[in-house]
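Number of protein chains: 4
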Amino acid sequence: MARQVADAMWAKDLASQALGLQLQQVGQGHARFTMTVRPEHCNGFGVLHGGVLATLADTAFAFACNSSNALTLATGFDIDILRSAHAGDALSARADCRHQGGQNGLYDVTITRGEDTIAHFRGRSQRLKGRKVVEEI
Amino acid sequence: MARQVADAMWAKDLASQALGLQLQQVGQGHARFTMTVRPEHCNGFGVLHGGVLATLADTAFAFACNSSNALTLATGFDIDILRSAHAGDALSARADCRHQGGQNGLYDVTITRGEDTIAHFRGRSQRLKGRKVVEEI
Amino acid sequence: MARQVADAMWAKDLASQALGLQLQQVGQGHARFTMTVRPEHCNGFGVLHGGVLATLADTAFAFACNSSNALTLATGFDIDILRSAHAGDALSARADCRHQGGQNGLYDVTITRGEDTIAHFRGRSQRLKGRKVVEEI
Amino acid sequence: MARQVADAMWAKDLASQALGLQLQQVGQGHARFTMTVRPEHCNGFGVLHGGVLATLADTAFAFACNSSNALTLATGFDIDILRSAHAGDALSARADCRHQGGQNGLYDVTITRGEDTIAHFRGRSQRLKGRKVVEEI
């Protein structure tokens with residue numbers, strides 16, 4: 012089911028497509044995306060823009076928290092940036108469910124470049140009661 | 012000086028340019044950017060991607076915390092999303108300094124759509140000792 | 012009404028009483044508490060324990076977000092500590108509503124010592140549907 | 012060395028002593044404390060005060076981030092509260108280093124009651140250059 016939901020989300024997720032994100036893996040409560048940093052992802056100092064880094068993490072978070080087909084929106088997130096990334100870097104973002112109550116969820120995303128951790132992200136989500144991502148499943 | 016620094020940052024900030032952000036105002040410790048939400052800023056649910064929203068805020072934050080020409084990087088931020096935005100919405104992000112010590116800074120960004128607040132963002136920054144954004148000023 | 016709710020909360024709030032907090036003001040969406048730092052509020056470095064500082068802010072937050080008598084719990088908070096406080100310092104924590112939707116709320120608390128800001132706190136709250144703090148009002 | 016540092020911190024940590032915290036384990040980059048919730052730890056709704064919960068986590072964080080004897084202060088933290096705790100509950104807070112650069116650190120603390128997770132806490136720390144917790148080691 013997680014894959015069907017992910018495919019439906021991905022088809023319309025123009026923001027993630029525009030950044031060149033790639034879905035590598037998705038399952039119940041988790042998801043992993045990768046991206047290669049391009050010059051147009053960088054800020055005025057030539058390092059990966061913090062917002063683009065957050066977008067990578069937020070996409071992994073969204074696919075993880077919607078993986079069981081209960082329509083879920085992010086209410087917010089925190090990101091701690093440990094290292095700068097640069098054009099050419101290959102990044103991976105792995106999202107895992109830390110808590111999923113009836114409505115509220117908490118998901119951690121770790122962004123890595125090879126063995127280095129680039130950032131830790133923590134997302135908060137809220138399910139819309141009775142709403143599904145894909146109606147027919 | 013804030014304007015000179017902002018112009019230098021903007022010239023190289025390909026990520027902010029790609030999203031169509033527009034610098035409206037910058038001064039000592041504050042900055043304001045606007046953007047009009049486009050379909051390619053939206054996620055799989057047809058609402059503005061949280062990461063793109065964070066990018067708008069993060070850019071305003073970056074221009075505010077570098078406004079006195081001391082080279083400053085974000086170490087992280089939090090965002091709380093209060094309302095969804097959609098394609099066609101005109102958004103404004105206003106960043107203001109809450110604290111600037113010798114090295115550590117705290118900046119609040121409020122994102123609005125007309126009279127509605129869309130999100131509150133709080134950024135943490137750290138200055139690189141002895142480094143300037145623009146060397147000659 | 013805010014005062015009646017506050018009085019009912021205060022009567023049972025043994026944790027806030029034990030720390031010597033004092034309610035100075037409460038109204039629709041806001042509250043202000045003060046405390047004088049005592050040696051037993053301090054940590055192993057002789058500075059005010061971050062958790063005690065957070066308790067002061069969290070109490071102000073709780074009284075602000077319950078001020079309209081809709082039973083409300085904190086789902087979490089962030090605190091940024093700008094300056095250390097010490098035994099003998101007189102602190103004030105002012106909580107203000109930033110957003111209150113049907114269920115979710117966002118409140119900012121600023122902790123000051125005279126003209127210095129000691130910390131910024133941001134609390135997230137959630138109302139329990141149909142529940143009141145004080146049944147008879 | 013972690014144990015010597017912890018003993019020196021504990022001897023003066025009146026706030027943690029007053030709450031009845033107990034150090035169970037400490038080592039390079041980690042620490043674990045326990046507490047039994049008492050009525051005087053609870054708020055006006057009869058549940059464990061969020062600030063007291065944060066104090067438990069913040070103490071574990073402080074002992075973990077100072078464990079290598081480099082004097083380190085918290086610059087802030089986030090807490091997400093997943094479940095309420097009540098008088099009589101036995102809680103455990105385990106702090107682990109997620110990142111320790113030359114100066115900045117990031118530590119995660121998980122608070123549990125038996126098999127249930129009560130809260131996730133993320134602390135940010137900063138080392139004071141050249142300062143030790145215990146001078147003679």
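Just so you know, the sequences run in chain order V, A, E and H. One rule links them: number in the working numbering = place in the first sequence (from 1) + 11. One rule links them: number in the working numbering = place in the second sequence (from 1) + 11. One rule links them: number in the working numbering = place in the third sequence (from 1) + 11. One rule links them: number in the working numbering = place in the fourth sequence (from 1) + 11. C-beta: ideal position from N, C-alpha, C; glycine also.
For Cys108 of chain V, there are no C-beta contacts with chain A under 7 angstroms, since the nearest C-beta of that chain is about 17 angstroms from it.
Under the three-state reduction of DSSP output, Ser103 of chain A falls in the strand class.
In this structure, DSSP gives Met20 of chain H a helical state, which the three-state scheme calls helix.
Across the segment 78-91 of chain H, CB contacts with chain E closer than 7 angstroms involve Ala85, Thr86, Gly87, Phe88, Asp89, Ile90, Asp91, in sequence order along the chain. Using a Cβ-Cβ cut-off of 8 angstroms, Arg133 of chain H is close to Asp89, Asp91, His131, Arg133 of chain V, given in chain order. Checking the DSSP bridge columns, you'll see Gly55 of chain H has no partner listed. Each of H:Gly55, H:Ala19, H:Ala96 was checked against the Cα of Ala22 of chain E, and the nearest Cα belongs to H:Gly55. Under DSSP, Ile129 of chain V forms no beta bridge with any residue.
Going by DSSP, Ala68 of chain V is part of the alpha helix (DSSP H) stretching over 61-76. Contact with chain A is found for Asn115 of chain H, since one of that chain's Cβ atoms lies less than 8 angstroms from the residue's Cβ. In the three-state reduction of the DSSP assignment, Gln35 of chain E falls in the strand class. Of the candidates H:Val63, H:Val58, H:Gln39, H:Leu59, the residue whose Cα lies closest to the Cα of Gln28 of chain H is H:Val63.
Going by DSSP, Leu25 of chain E is part of the alpha helix (DSSP H) stretching over 25-29. Leu117 of chain V: member of the beta strand (DSSP E) spanning 115-124, first to last residue.
Sequence-distant Cβ neighbours of Leu82 of chain V in its own chain, meaning closer than 8 angstroms and more than five residues away, are Arg138, Leu139, Arg142, Lys143, Val144. Any Cβ of chain H closer than 8 angstroms to the Cβ of Gly38 of chain E would place that residue at the interface, and such an atom is absent.
His97 of chain H counts as exposed, since fewer than 16 other C-beta atoms from the protein chains shown sit within 10 angstroms of its C-beta.
Leaving aside the five residues that flank Gly99 of chain V on each side, none in its chain has a CB nearer than 6 angstroms to its CB. Between Ala104 of chain H and Gly134 of chain H, the CB-CB gap reaches or exceeds 8 angstroms. In this structure Ile122 of chain H does not touch Ala73 of chain H by the C-beta definition: roughly 15 angstroms separates them, more than the 8 angstroms allowed. Going by DSSP, Ile92 of chain V is part of the beta strand (DSSP E) stretching over 81-92. Around the beta carbon of Ala75 of chain V, 16 or more other beta carbons lie within 10 angstroms, which makes this residue buried.
If you check the CB distance, Gln114 of chain H and Gly40 of chain H do not come in under 8 angstroms. Rounded to whole angstroms, the Cβ separation of Ala101 of chain E and Ala71 of chain E is 15 angstroms, and the two are not in contact under 8 angstroms. Per the coordinates, the alpha-carbon of Asp127 of chain V lies some 8 angstroms from the alpha-carbon of Arg94 of chain V. If you draw a straight line from the Cα of Val120 of chain H to the Cα of Leu25 of chain H, it is about 21 angstroms long.
For Met46 of chain A, the uninterrupted beta strand (DSSP E) segment begins and ends at 41-47. Closest in alpha carbon position to Phe44 of chain A, among A:Glu51, A:Gly31, A:Cys53, A:Ile148, is A:Gly31. When only Cα atoms are considered, Ser78 of chain V and Met20 of chain E end up about 40 angstroms apart. Judged by beta-carbon spacing, Asn80 of chain H lies beyond the 8 angstroms limit of Val37 of chain H, meaning their Cβ atoms are not closer than that value.
For Ile92 of chain E and Pro50 of chain A, the gap between their C-alpha atoms comes out near 39 angstroms. By the neighbour-count definition (other C-beta atoms within 10 Å, threshold 16), Asp18 of chain A is an exposed residue. In summary, Gly116 of chain E is buried, with 16 or more beta-carbon neighbours lying within 10 Å of its beta-carbon over all protein chains present. Residue-level contact check: Lys23 of chain H touches chain E, since one or more beta carbons of chain E fall below 8 angstroms from its beta carbon.
Between Ala106 of chain H and Phe132 of chain E, the alpha-carbon positions lie close to 22 angstroms from each other. Between Val48 of chain H and Leu59 of chain H the beta-carbon gap is near 5 angstroms, inside 8 angstroms, which marks them as a contact.
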